[in-house]
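Residue numbers (my numbering), protein chains in the order written: chain A, 1 to 114; chain B, 115 to 228. What follows is a short report on a single structure.
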DNA sequence: TGAATATATAACTATATAGCTATGCAATGT
DNA sequence: ACATTGCATAGCTATATAGTTATATATTCA
């Protein structure tokens with residue numbers, strides 16, 4: 001039950017589902033997501049921690065950056081696995097998501113801090 | 115997006131997921147759920163309203179009682195449909211859910227107000 | 001070594017949410 | 001008509017959550 005709630009609460013949030021949809025497209029670092037989402041860096045960091053605690057995303061340090069990616073089905077709990085699977089088909093036509101994905105396509109980690 | 119969030123937030127809550135699991139077993143009125151959940155009647159009522167707003171449950175008045183049931187796949191949005199479907203396989207082994215279901219089996223609307 | 005950059009954490013504030021009690025409303029039965 | 005019962009709503013309080021700014025940590029590069 002605790003696990004279920006952790007996953008569902010993590011997924012039941014606007015900025016966080018936006019993050020998940022962006023990560024469906026490609027891996028991103030924190031500052032790239034910040035640039036696209038338009039919220040503060042600590043806020044993005046916090047959302048990412050909740051998503052990672054819920055097994056929805058994974059992170060890996062690469063030099064100065066931390067790359068985030070969607071968790072893979074074989075490495076997560078049943079709830080995360082199911083939600084990530086469902087999400088792929090969801091919100092495809094959502095205006096705010098579409099706009100976000102366009103921005104996420106072109107955002108560049110080497111320039112997003114400027 | 116608004117619809118997605120409404121469904122996910124409704125499902126991402128302890129008492130509410132308990133309600134959904136009980137309704138998988140059988141239809142219930144408010145006072146029966148109150149008796150099993152051990153929270154106040156207004157609190158149960160509020161949870162039910164959120165679940166109904168999210169298309170996860172439906173209600174029907176029957177004399178003095180209001181019967182609640184799970185929404186049927188053909189009458190709801192894609193998110194509710196998917197979550198209800200997933201939920202059937204989830205939390206089967208959860209201790210608190212199992213205990214709850216046992217109580218829900220024997221609760222009786224004609225005596226739960228006493 | 002020291003500056004710059006990316007991320008995480010701490011501390012705080014504002015808002016949202018869940019619980020409660022009190023009360024209103026509708027249906028039942030005498 | 002009146003009392004009873006089931007449910008909904010209003011109003012309140014406590015807690016949880018998301019956002020902020022300030023600061024700490026870690027890596028890169030001159």
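For each residue, glycine too, the CB sits at the ideal point set by N, CA and C.
Between the Cα of residue 88 of chain A and the Cα atoms of A:3, A:13, A:20, A:7, which residue gives the shortest distance?
Checked all of A:3, A:13, A:20, A:7; the closest Cα to residue 88 of chain A is A:20.
Could you tell me whether any non-hydrogen atom of the ligand NAP is closer than 8 Å to the CB of residue 223 of chain B?
Among the components modelled here there is no ligand, and therefore nothing to report on the ligand NAP.
If you follow the alpha helix (DSSP H) that residue 45 of chain A is in, where does it begin and where does it stop?
It spans 41-53 - the alpha helix (DSSP H) in which residue 45 of chain A sits, taken as one unbroken run.
Which stretch, first to last residue, makes up the beta strand (DSSP E) that contains residue 70 of chain A?
For residue 70 of chain A, the enclosing beta strand (DSSP E) has its first and last residue at 65-70.
Reduced DSSP secondary structure (H/G/I, E/B, other) of residue 2 of chain A
It is helical.
With DSSP as the reference, please indicate the residues paired to residue 121 of chain B in a beta bridge.
DSSP output for residue 121 of chain B lists no bridge partner at all.
Of the residues that make up the segment 194-209 of chain B, which ones have a beta carbon closer than 7 Å to any beta carbon in chain A?
Answer set for the segment 194-209 of chain B: 196, 200, 204, 205, 208.
Residues of the segment 124-136 of chain B with a CB closer than 8 Å to any CB of chain A: list them in chain order, please.
Taking 8 Å as the upper bound on Cβ-Cβ separation, chain A lies near residues 125, 126, 127, 128, 131 of the segment 124-136 of chain B.
If you check the beta carbons only, do residue 214 of chain B and residue 183 of chain B fall under 9 Å apart?
Contact flag unset, no.
How many angstroms separate the CA atom of residue 8 of chain A from the CA atom of residue 190 of chain B?
Counting only the Cα atoms, residue 190 of chain B lies some 19 Å from residue 8 of chain A.
Between the Cα of residue 185 of chain B and those of B:162, B:156, B:220, spot the shortest distance and give me the residue it belongs to.
The candidate whose alpha carbon is nearest that of residue 185 of chain B is B:162.
Per DSSP, what kind of secondary structure is residue 220 of chain B in: helix, strand or coil?
Note: residue 220 of chain B maps to helix in three-state DSSP.
Looking only at its own chain, which residues have a Cβ that is under 7 Å from the Cβ of residue 181 of chain B, when we skip the five neighbours before and after it?
Within the same chain, residue 181 of chain B has close Cβ partners 141, 143, 173, 174.
Which same chain residues end up closer than 7 Å to residue 195 of chain B when comparing Cβ atoms and leaving out the 5 residues on each side of it in sequence?
The beta carbon of residue 195 of chain B is closer than 7 Å to those of 187 in its chain, skipping five residues each way along the sequence.
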